[in-house]
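Quick note: my numbering has the sequence shown finishing at residue 1027, numbered continuously throughout.
Quick reminder that beta carbons are idealized off the backbone N, C-alpha and C, glycines included.
Fair warning: this is a prediction, and the values are worked out from it, not measured in the lab.
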Amino acid sequence: MTELSLEKLKAEDVKEISKALTIIENDPIEAKKIVGALDEKDYCVIGLTGSPGSGKSTLTDRLASLFSLKEKIGIIAVDPSSPFTGGAFLGDRIRMKRTSRNDNVYIRSMASRGKLGGLSPSIYDAVELLGRCGFKKVFVETVGAGQSETDIANLADIVLLVLAPGLGDEIQMLKAGIMEIGDIYVVNKMDIEGASRLKSRIEAVLDFSNHRKDVILTDGIKGTNLEELARLIEKELQFLKESGKIDEKRKKRKRFNKLNTVFQELKELPDEAIDRLVEELKKLTGGR
């Protein structure tokens, strides 16, 4: 592998993991080789999505700190890309003050690189690398949320949809398909007027659609109800494992990883080659 020590990666060396993630971000082909050289391990992916300003980074920081008391935790904070370099702005990482000093938590900022779904193209391999390097839970915090920004549902075992009162887009969020991707609904900044009302509206929407999901009020800054939120995450994970649904989610993750790889390779092809592929696909699908 390019300038990497497989032995150090298997030994969960943090510096080597950082080097591997840099390669993964910039070289999709080499990324597959790196991940493929490591043994598969059991780990879970927890996604946090929601409006900018809803407090996702603070919640991620708090939750990772709680879970890190008994296991290694990875965090991938997907930041907006710099228009000049394509790199991450590192804003989310700066806001995670507790975990940045925690030896049992590894934090990595990754650029979204303009991806609509809020996730960078290399996210699947980055998450898999952390899982194979011994991180039992990997938190992925997205840039934001919206009707088209649902990639996190294809990546995570559990999705926390984070909302907060007073942001002005709660109604749109409640109407949009984004509501369908949440496994746990978090109304953060519960000290702000309208938080309880927003929680009630979410519960009404879920009842109307026959989706039985947990809805919880939190205060990420004060830490209010964060232990209860951690308990709900563990409860949901246990349900997914006992019901076998976690296997379905992981099959879906592998499928979308493959599709993502194909898309990345297609972008490098000339138009003539893409036209030929389109014709071949029409033959395979019967012209659909």
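Assumed close pair residue i, residue j - CB separation to whole angstroms, cut-off 8 Å
| i | j | result |
| --- | --- | --- |
| leucine 956 | leucine 802 | That pair is no contact at about 15 Å. |
| glycine 933 | threonine 797 | The pair is not a contact, with the Cβ atoms about 19 Å apart (cut-off 8 Å). |
| leucine 971 | isoleucine 920 | Their Cβ separation, rounded to whole angstroms, is 16 Å, which puts leucine 971 and isoleucine 920 out of contact at 8 Å. |
| alanine 903 | valine 882 | No, alanine 903 and valine 882 are not in contact; Cβ-Cβ is about 16 Å, not under 8 Å. |
| serine 851 | aspartate 818 | 7 Å |
| leucine 743 | glutamate 755 | 7 Å |
| lysine 795 | valine 901 | 5 Å |
Residues that DSSP places opposite residue i in a beta bridge
| i | result |
| --- | --- |
| serine 744 | In the DSSP output, where bridge partners are listed per residue, serine 744 has none listed. |
| lysine 876 | Cys783, Ile812 |
| glycine 959 | In DSSP, glycine 959 forms no bridge with anything. |
| threonine 797 | Threonine 797 pairs with nothing; no bridge assigned. |
| alanine 770 | The partner list for alanine 770 (beta bridge, DSSP) is empty, contrary to what the question assumes. |
| aspartate 930 | DSSP output for aspartate 930 lists no bridge partner at all. |
| threonine 1036 | With the chain represented from 740 up to 1027, any question about residue 1036 goes unanswered, as that position is not in the structure. |
| aspartate 778 | Partner(s): none; aspartate 778 has no beta bridge. |
| isoleucine 726 | With the chain represented from 740 up to 1027, any question about residue 726 goes unanswered, as that position is not in the structure. |
| aspartate 818 | Ala850 |
Beta carbon proximity, residue i to chain E, threshold 9 Å
| i | result |
| --- | --- |
| valine 784 | No chain E is present in this structure, which holds just one protein chain. |
Extent of the continuous beta strand (DSSP E) run through residue i
| i | result |
| --- | --- |
| alanine 1012 | Alanine 1012 -> not in any beta strand (DSSP E); alpha helix (DSSP H) instead, spanning 1010-1024. |
| arginine 970 | Arginine 970 -> not in any beta strand (DSSP E); alpha helix (DSSP H) instead, spanning 965-982. |
| isoleucine 763 | Where isoleucine 763 is concerned, there is no enclosing beta strand (DSSP E), although the alpha helix (DSSP H) it sits in stretches over 753-765. |
| isoleucine 897 | 897-902 |
Distance CB(residue i)-CB(residue j) smaller than 9 Å
| i | j | result |
| --- | --- | --- |
| isoleucine 814 | tyrosine 845 | yes |
| methionine 918 | valine 944 | yes |
| arginine 871 | glutamate 779 | yes |
| alanine 776 | leucine 748 | yes |
| lysine 1025 | leucine 906 | Here the sequence assigns glycine to residue 1025, which means lysine is not the residue at that position. Cβ distance not < 9 Å, so glycine 1025 and leucine 906 don't count as in contact. |
| proline 767 | serine 861 | yes |
| valine 784 | valine 879 | yes |
| lysine 811 | glycine 873 | yes |
| aspartate 890 | leucine 937 | no |
| glutamate 987 | leucine 805 | no |
| leucine 1008 | leucine 1020 | no |
| leucine 1005 | isoleucine 1013 | yes |
| tyrosine 863 | arginine 989 | no |
| serine 807 | asparagine 843 | yes |
| aspartate 1010 | lysine 961 | no |
Terminal residues of the alpha helix (DSSP H) in which residue i lies
| i | result |
| --- | --- |
| alanine 850 | It is not in any alpha helix (DSSP H) - alanine 850 instead sits in the beta strand (DSSP E) that spans 844-850. |
| isoleucine 917 | Segment: none, isoleucine 917 is in no alpha helix (DSSP H) and carries neither H nor E. |
| alanine 865 | 862-871 |
| alanine 750 | Here alanine 750 belongs to no alpha helix (DSSP H), and DSSP marks it neither H nor E. |
| leucine 894 | 891-894 |
Just checking, does the stretch 892-905 make contact with the stretch 784-795 on the three C-beta pairs under 8 Å criterion? yes
Under 8 Å: do the stretch 992-1000 and the stretch 858-868 share three or more Cβ pairs, one atom per stretch? yes
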